[in-house]
Ligand code: ASP
Ligand code: MG
């Protein structure tokens, strides 16, 4: 017997049949004598549809009103699930963000949770109610509705689990766990039994869209173990937890690949103080996130400067690059959108050597040229030509024997 927080994603509540399926899963846990708090997403596609409607009116809908609009997706599913459970004679109560005392800052569209009161949730649980909280939403100090950024109901779930000191935080989704790599690319991909918060954060920032990054940061900060599992099967999924000794013995536990970046090169810029600042200040002012940067010294006091930006900012970044190139007298500027970033991740890298050389050798074996390299404590990423992305993923998965984990 315990207190279980369960979060169901958009595909798990996509229609009334699936909401019934969710109700049955909750009923099972409740019947075993547990207290259950449920966090819901909007039905799959609903949030996108709402944004689309607002955009039909204006390209820049007022952010406060957009949050009022977007929060209705989760309000709908929360009410529908409560109605379903009540029709099955279970005591369910739905709560919106402000009723669950989920207080945030004032950043509409991407608000941060500041505090969770949760007194109302606790009272309801004490009286054995099943509490259903609309995910993704909170309220600012003035009582305005805010939303927590796309995928934000994961963060609602983890935050509420932390506030209630829940025994478990289960995130139900349409995949059955976290895999060593994308099973669509590599048939040998294996479901991990557990993964550390840090590895999950790297994988999430590399494009694995299973958990919102903020939810993992929150879970790490408050040591909330997350169980990622499928709402369509009873099978155990993957635990996202604190690092342990087993994990350190595995050098590489994941291979990821993203095609969301493009690169820009400024050729032959002067190798003098202040040049990099001149290039990257306007890029930053345009709110463009730069990921990798390399600078190669040439002879004659000149250097080449290459960096990557999100593909959807490519044209803006290239325009800025051209303007700056003129100012600082660079010889040439060119861009390349046909690149992919393949990465290997694993906390074991902290205590093992030779990971980079093994990665480069595996790519060389496939005749894949490495265009750029970057590393963190637990990740190595290489930029390669986009057409080699899948081959690279499979080669790395085999080279690091990840299928044998
Ligand atoms: N409905 C929101 C979204 O689509 C929040 C969520 O699903 O977590 O981003
Ligand atoms: Mg999600």
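Residue numbers (the working numbering): 11 to 415. In this text, a Cβ means the ideal position worked out from N, Cα and C, and glycines have one as well. None of the values given here were measured: they were computed from a predicted structure.
### Query
Taking Cβ positions, are residue 181 and residue 169 nearer each other than 8 Å?
Numbered from 1 along the chain shown, position 171 holds the residue referred to as residue 181. Numbered from 1 along the chain shown, position 159 holds the residue referred to as residue 169. No. Outside cutoff.
### Query
Ordered along the chain, which non-local residues of its own chain (more than five positions away) have a Cβ less than 8 Å from that of residue 37?
Here residue 37 refers to the residue found at position 27 when the chain shown is read from its first residue. Result list for residue 37: 95, 98 and 100, in chain order.
### Message
Relative to the C-alpha of residue 114, which candidate in 156, 135 and 25 has its C-alpha closest?
### Response
Start at 1 with the first residue of the chain shown, and residue 114 comes out as number 104. That would be 156, whose Cα lies nearest to the Cα of residue 114.
### Task
Check residue 154 in the structure and name its three-state DSSP category.
Taking the chain shown and counting its residues from 1, the one referred to as residue 154 is at position 144. Coil.
### Query
Cα-Cα, which of 13, 274 and 280 is closest to residue 299?
One-based indexing of the chain shown puts residue 299 at position 289. Nearest C-alpha to residue 299: 274.
### Message
What does the Cβ neighbour count give for residue 146, buried or exposed, with the cut at 16 atoms within 10 Å?
### Response
As a working note, residue 146 is residue 136 in the chain shown. Flag for residue 146 reads buried.
### Task
Measure the C-alpha to C-alpha separation of residue 359 and residue 234 and round it to an integer number of angstroms.
Along the chain shown, one-based indexing puts residue 359 at 349. Along the chain shown, one-based indexing puts residue 234 at 224. Approximately 24 Å between the Cα atoms of the pair.
#### Entry: Test item: CB-CB of residue 246 and residue 321 under 8 Å
Translated into positions along the chain shown, residue 246 becomes position 236. Translated into positions along the chain shown, residue 321 becomes position 311. Not a contact, by the Cβ cut-off of 8 Å.
### Query
For the ligand MG, any of its heavy atoms closer than 7 Å to the Cβ of residue 184?
The residue you call residue 184 lines up with position 174 of the chain shown. Not under cutoff, so the answer is no.
### Query
In its own chain, which residues sit with a C-beta less than 6 Å from the C-beta of residue 78, not counting the 5 before and 5 after it?
Reading the chain shown from its first residue, position 68 is the one you call residue 78. Only 155 meet the Cβ criterion.
### Query
What is the DSSP secondary structure of residue 245, reduced to helix, strand or coil?
By one-based count along the chain shown, residue 245 stands at place 235. Note: residue 245 maps to coil in three-state DSSP.
#### Entry: residue 344 classed as buried or exposed, judged by whether at least 16 other C-beta atoms fall within 10 angstroms
For the purposes of this step, residue 344 is identified with residue 334 of the chain shown, where counting begins at 1. So residue 344 counts as exposed.
### Task
Closer than 7 Å by C-beta to residue 30: which residues in its own chain qualify, once you throw out the five before and the five after it? Chain order, please.
Residue 30 sits at position 20 when you count from the first residue of the chain shown. Taken in chain order, the residues that qualify are 94.
### Buried versus exposed call for residue 26 [16 or more other C-beta atoms within 10 Å across all chains shown]
Your numbering for residue 26 matches position 16 in the chain shown. Exposed is the call here.
### Exposure label - residue 244; buried when at least 16 CB within 10 Å
Locating residue 244 in the chain shown gives position 234, counting from the first residue. Counting Cβ neighbours within 10 Å, residue 244 comes out exposed, since fewer than 16 surround it.
### Message
So the candidates are 301, 54, 290 and 333; which of them puts its Cα closest to the Cα of residue 384?
### Response
The residue you call residue 384 lines up with position 374 of the chain shown. Nearest of 301, 54, 290 and 333 to residue 384, Cα basis: 301.
### Task
Go through the stretch 175-222 residue by residue and report every complete run of the alpha helix (DSSP H) that reaches 4 residues or more, in order.
207-215
### Query
What's the C-alpha gap between residue 410 and residue 189?
Taking the chain shown and counting its residues from 1, the one referred to as residue 410 is at position 400. Taking the chain shown and counting its residues from 1, the one referred to as residue 189 is at position 179. Going from the Cα of residue 410 to the Cα of residue 189 covers about 15 Å.
### Message
Using a Cβ-Cβ cutoff of less than 6 Å, which residues in the same chain neighbour residue 105 once the five nearest sequence positions on both sides are dropped?
### Response
Numbered from 1 along the chain shown, position 95 holds the residue referred to as residue 105. The answer, listed in chain order, is 143.
#### Entry: Where residue 109 falls: helix, strand or coil (DSSP)
Along the chain shown, one-based indexing puts residue 109 at 99. In the structure shown, residue 109 sits in coil (DSSP, three-state: anything other than H, G, I, E or B).
### Query
By how many angstroms is the C-alpha of residue 119 removed from the C-alpha of residue 72?
Position 62 of the chain shown, counting from 1, holds the residue named residue 72. Position 109 of the chain shown, counting from 1, holds the residue named residue 119. Rounded to whole angstroms, residue 72 to residue 119 spans 10 Å at the Cα level.
### Task
Return yes when the C-beta of residue 322 is under 7 Å from any heavy atom of the ligand MG, and no when it is not.
Taking the first residue of the chain shown as 1, we reach residue 322 at position 312. No; taking the cut-off as 7 Å, the Cβ of residue 322 has no heavy atom of the ligand MG nearer than that.
### Query
Is residue 227 near the ligand ASP, with its Cβ less than 7 Å from a heavy atom?
For the purposes of this step, residue 227 is taken as the residue at position 217 of the chain shown. Because no heavy atom of the ligand ASP lies under 7 Å away, the Cβ of residue 227 does not count as near it: no.
### Query
Does DSSP put residue 364 in a helix, in a strand, or in coil?
Taking the first residue of the chain shown as 1, we reach residue 364 at position 354. Looking at residue 364 - three-state DSSP - the assignment turns out to be coil, as it is neither helix nor strand.
### Query
Looking at residue 22 and the ligand MG, is the gap between the Cβ and the nearest heavy atom below 7 Å?
Reading the chain shown from its first residue, position 12 is the one you call residue 22. Incorrect: residue 22 has no Cβ contact closer than 7 Å to the ligand MG.
### Query
Ordered along the chain, which non-local residues of its own chain (more than five positions away) have a Cβ less than 6 Å from that of residue 43?
Position 33 of the chain shown, counted from the start, is the residue given in the question as residue 43. These residues qualify, in order along the chain: 11.
### Task
Determine the contact status of residue 304 and residue 316, defining contact as a CB-CB distance below 8 Å.
As a working note, residue 304 is residue 294 in the chain shown. As a working note, residue 316 is residue 306 in the chain shown. Yes.
### Message
Does residue 11 come out as helix, strand or coil in the three-state DSSP assignment?
### Response
If you number the chain shown from 1, residue 11 lands on position 1. It is coil, neither helix nor strand.
### Query
For residue 19, is the beta carbon positioned less than 7 Å from some heavy atom of the ligand MG?
Reading the chain shown from its first residue, position 9 is the one you call residue 19. Yes; taking the cut-off as 7 Å, the Cβ of residue 19 has a heavy atom of the ligand MG nearer than that.
### Task
For residue 16, I'd like the list of residues in its chain whose CB is within less than 6 Å of its CB, leaving aside the five on either flank, ordered along the chain.
The sequence position of residue 16 within the chain shown is 6, counting from 1. Answer for residue 16: 48 and 180, listed in chain order.
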